[in-house]
Amino acid sequence: MLHISEKVKDISSVRGYSTEEKAAEDASSDKQMPTTLEDCHKQIETLSTEVSSLKQQVKDYEDKYKRALADGENVRRRMMKQVEDAKSFAIQSFCKDLLDVADTLSAAADSVPERAEAHAESAAAALRSLHDGLRLTRAQLDQVFARHGLVAVSPLREKFDPNLHEALFQQEVEGFEPGTVVTVSKVGYKLHERCVRPALVGVAKG
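Residue 34 in the UniProt record's numbering sits at position 34 of the sequence shown, with consecutive numbering throughout.
Rendered as structure tokens:
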């Protein structure tokens, strides 16, 4: 009889748990399972409440997601409008400055009589006035350009730079090193260190 009991213990040991532990598990499982109709109804109500809560959470997350999308779209539209406004106001400011230049040009042109050739003295005075007006116009124009970060590029005697200059021709010129700008046909311009118009130049041939 003792021999059979030892075999049962060995079998229980191989399975990893004792018969007492198995019985305890079965009892625990029985407790978890509803035993009456009333218990079933209670468990169903509990599960229904949990499902309703989860559905509400999902709805809340969906609402938050939709609001986030709408907010993002509103931010994007505001940013686009601000960019467009910035462009418009920058152009407006530049145009206002150029209006002063246009006024000076008009005044310079108006200073020349329509029939200046008939009056030598008045013609000479008119030409002097026109010359002074044009010089003033040029100075005003340079000031306007400088205020907006637009600077002239006149690279005479400088090394040719393909990023800032455009070579029209090459020629051998005494006193100039090869690759040096020997003449400037048209002044170039940089806007905030970015080339907006290359200077048209002639370059010394090597």
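Built from N, CA and C at the ideal position, the CB exists for glycine as well.
By DSSP's assignment, Arg-197 forms a beta bridge with Tyr-189. It is roughly 15 Å from the alpha-carbon of Asp-85 to the alpha-carbon of Val-75. Two segments are said to touch when three or more pairs of C-beta atoms, one from each, lie closer than 8 Å; by this definition the region 158 to 167 does not touch the region 138 to 148. By the Cβ-count criterion, Gly-206 is exposed, with fewer than 16 other Cβ atoms from all chains shown falling within 10 Å of its own Cβ. In this structure, Val-182 lies away from Ala-199, with their beta-carbon atoms at least 8 Å apart. The region 62 to 77 and the region 90 to 109 do not touch, with fewer than three beta-carbon pairs separated by less than 8 Å. If you look at Phe-169, you'll find it in the beta strand (DSSP E) that goes 165 to 171. Selection Val-173, Gln-171, Val-187, Ala-152 evaluated against Glu-193 yields Ala-152 as nearest (Cα-Cα). Residue range 150 to 153 is occupied by the beta strand (DSSP E) that includes Leu-150. By the Cβ-count criterion, Val-201 is buried, with 16 or more other Cβ atoms from all chains shown falling within 10 Å of its own Cβ. Separation of Thr-46 and Asp-39 (C-alpha to C-alpha, rounded to the nearest whole angstrom) is 11 Å. Taking C-beta separations shorter than 7 Å and ignoring five residues to either side along the sequence, the partners of Ser-129 in its chain run Ser-111, following chain order. Residue environment for Thr-36: exposed (fewer than 16 other C-beta atoms within 10 angstroms of its C-beta). For Thr-137, same chain residues with a beta-carbon under 8 Å away, outside a window of 5 residues either side, are Val-101, Thr-104, Leu-105, Ala-108 in chain order. For Thr-36, the three-state secondary structure derived from DSSP is coil. Measuring C-alpha to C-alpha distances from Val-187 to each of Asp-142, Arg-135, Val-173 identifies Asp-142 as the nearest.
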